[in-house]
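This report refers to the structure that appears directly beneath it.
Here is the structure:
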């Protein structure tokens, strides 16, 4: 499968990277001279290369095309005509002005699977708005439930709206390819950051739509489960979750406070939610008396859901992460050996793999244009 990738920043590149992980030949079309916006996002940089760009652009080949020129658009049409999938993340209407919209591309490649990614979709009054992750997180409600009560709105530490959008886009493309395999028909796949954000609100959305409850920020806590949050230990933080009554009794016994399980304020989860402040204060007093590693060890051995809050250096030094084999090393043309987080999905017969490093800007222009001239579609 060849994927013509007209995306930039995070959501679109994340989707096409996932397709590349599964074996697609992803040809990334970039602006001459500057390329994808996130090539300039930093610091941190490594020898001039943005670590942000490296995170979402493995398994791709880069081609510089000036889509403002007739020659650039002609070459882009040749590329899409030879591609099974086209993915774009311009503002709605841009690809039409370039002569690369779905209807036009379908004339060149009738069975094409064409995916459009936008901030707010193509039908509503906000379709022309720029759709960066944090703006959609604000508009779509995620920032209203992230942070601490009474505190300022907080964005998630990584662009989860973009990542979620990329996952939905890849899912839609794969479903469309399966349909094409069965029927020979291509189709237009659309996903917006706002639609992905709404889908990801899960229980918070349902709480409002079904019960009229407007969820607010809970810090590390949970609106419907107590205890289910981070507690300050003597030397750090530990997250404890007791999502049912049996686990709460086990937690109370393990930390040496069995009387909590018999307290009428805390007997059921609904009781614990109603008396959240009292219970959290009691648990905090007890958990602050030992180190986080101590509580993680004893609670894990007792069967209580628990995890110490780790920093990223600790995460990538963790034995479980090492055992997963998910951190892979690729040979970058400028940086040499570069470690990257590889695919999350495991397939027993057709494993996902990292076969190409994130490309230099325009690194494969000559190669891909030669293939277009010869009418070839490189298999990987």
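Numbering (my numbering), first residue to last: 1433 to 1812.
Every residue gets a Cβ at the ideal spot worked out from N, C-alpha and C, and that includes glycine.
(1) Roughly how many whole angstroms lie between the Cα atoms of residue 1805 and residue 1511?
(2) Check whether the Cβ atoms of residue 1739 and residue 1658 sit closer than 7 Å, and answer yes or no.
(3) Determine the direct distance from the alpha carbon of residue 1753 to that of residue 1794, and round the result to whole angstroms.
(4) Which one or two residues does DSSP pair with residue 1492 in a beta bridge?
(5) Can we say the stretch 1576–1590 touches the stretch 1454–1466, given the rule of at least three CB pairs closer than 8 Å?
(6) Hey, how far is the Cα of residue 1609 from the Cα of residue 1724?
(7) Give me, in chain order, the residues of the same chain whose beta-carbon lies closer than 7 Å to that of residue 1484; leave out the 5 immediate sequence neighbours on both sides.
(8) Give the straight-line distance between the Cα atoms of residue 1775 and residue 1601, rounded to the nearest whole angstrom.
(9) For residue 1611, which three-state DSSP category applies?
(10) Which residues does DSSP list as the beta-bridge partners of residue 1673?
(11) Does the Cβ of residue 1645 have 16 or more other Cβ atoms within 10 Å, making it buried, or fewer, making it exposed?
(12) Look at residue 1661 and residue 1568 and say whether their C-beta atoms are less than 7 Å apart.
(13) In whole angstroms, what separates the C-alpha of residue 1792 from that of residue 1574?
(14) Of the residues 1456, 1486, 1448 and 1437, which one's Cα is nearest the Cα of residue 1767?
(15) Specify, as a first and last residue, the run of the alpha helix (DSSP H) that residue 1768 falls within.
(16) Identify, in the order they occur along the chain, each residue of the same chain with its Cβ nearer than 7 Å to the Cβ of residue 1720, setting aside the five sequence neighbours on each side.
(17) Would you be able to state if there are at least three C-beta pairs under 8 Å between the stretch 1511–1520 and the stretch 1533–1551?
(18) Label residue 1448 either buried or exposed according to how many other C-beta atoms from any shown protein chain fall within 10 Å of its C-beta, with 16 as the threshold for buried.
(19) Smallest Cα separation from residue 1497: which of 1478, 1599 and 1530?
(20) So, at 8 Å on beta carbons, what are the nonlocal neighbours of residue 1433 in its own chain, with the 5 sequence-adjacent residues on each side left out?
(21) Thinking residue 1566 and residue 1578 are a contact (beta carbons under 8 Å), I'd like their distance in whole angstroms, please.
(22) Ordered along the chain, which non-local residues of its own chain (more than five positions away) have a Cβ less than 7 Å from that of residue 1580?
(23) Measure the alpha-carbon distance for residue 1442 versus residue 1688 and round it to whole angstroms.
(24) Could you say if the stretch 1611–1625 and the stretch 1549–1568 meet the contact criterion of at least three C-beta pairs nearer than 8 Å?
(25) Please state the DSSP three-state secondary structure of residue 1434.
(26) With DSSP run on the structure shown, which of helix, strand or coil describes residue 1446?
(27) Report all residues from its chain with a CB closer than 8 Å to the CB of residue 1769; omit the five preceding and five following residues, and keep chain order.
(28) Can you tell me whether DSSP reads residue 1552 as helix, strand or coil?
(29) Which ranges does the alpha helix (DSSP H) cover as unbroken runs of at least 4 residues, wholly within the stretch 1666–1718, from first to last along the chain?
(30) If you draw a straight line from the alpha carbon of residue 1796 to that of residue 1682, how long is it in whole angstroms?
(31) DSSP has residue 1439 in a bridge; who is on the other side?
(32) Near residue 1801, which residues of its chain fall below 8 Å by C-beta distance, leaving aside the five closest residues on each side in sequence?
(33) So, at 8 Å on beta carbons, what are the nonlocal neighbours of residue 1636 in its own chain, with the 5 sequence-adjacent residues on each side left out?
(34) Going by DSSP in three states, residue 1603 sits in which element: helix, strand or coil?
Answer, in terms of the structure:
(1) 10 Å
(2) Not closer than 7 Å, so no.
(3) Roughly 34 Å between the two C-alpha positions.
(4) 1458
(5) no
(6) 48 Å
(7) 1470, 1473 and 1474
(8) 16 Å
(9) helix
(10) 1660 and 1737
(11) exposed
(12) Taking 7 Å as the Cβ cut-off, residue 1661 and residue 1568 do not qualify as a contacting pair.
(13) 35 Å
(14) 1486
(15) Per DSSP, residue 1768 belongs to no alpha helix (DSSP H); it is in the beta strand (DSSP E), 1768–1773.
(16) Excluding sequence neighbours, residue 1720 sits near 1664, 1665 and 1666.
(17) The stretch 1533–1551 is in contact with the stretch 1511–1520.
(18) buried
(19) 1530
(20) 1451, 1455, 1456, 1457, 1516, 1517 and 1609
(21) Actually they are not in contact, since the Cβ atoms of residue 1566 and residue 1578 sit about 11 Å apart, beyond 8 Å.
(22) Short of 7 Å from the beta carbon of residue 1580, and not among the five residues preceding or following it, lie these beta carbons of its own chain, in chain order: 1649 and 1651.
(23) 47 Å
(24) yes
(25) strand
(26) In the structure shown, the three-state DSSP call for residue 1446 is helix.
(27) 1761, 1762 and 1763
(28) coil
(29) 1677–1686, 1691–1694 and 1701–1706
(30) Near 59 Å, if we compare the C-alpha coordinates of residue 1682 and residue 1796.
(31) In the DSSP output, where bridge partners are listed per residue, residue 1439 has none listed.
(32) 1495 and 1507
(33) 1573, 1577, 1647 and 1655
(34) Collapsing the DSSP output to three states places residue 1603 in a helix.
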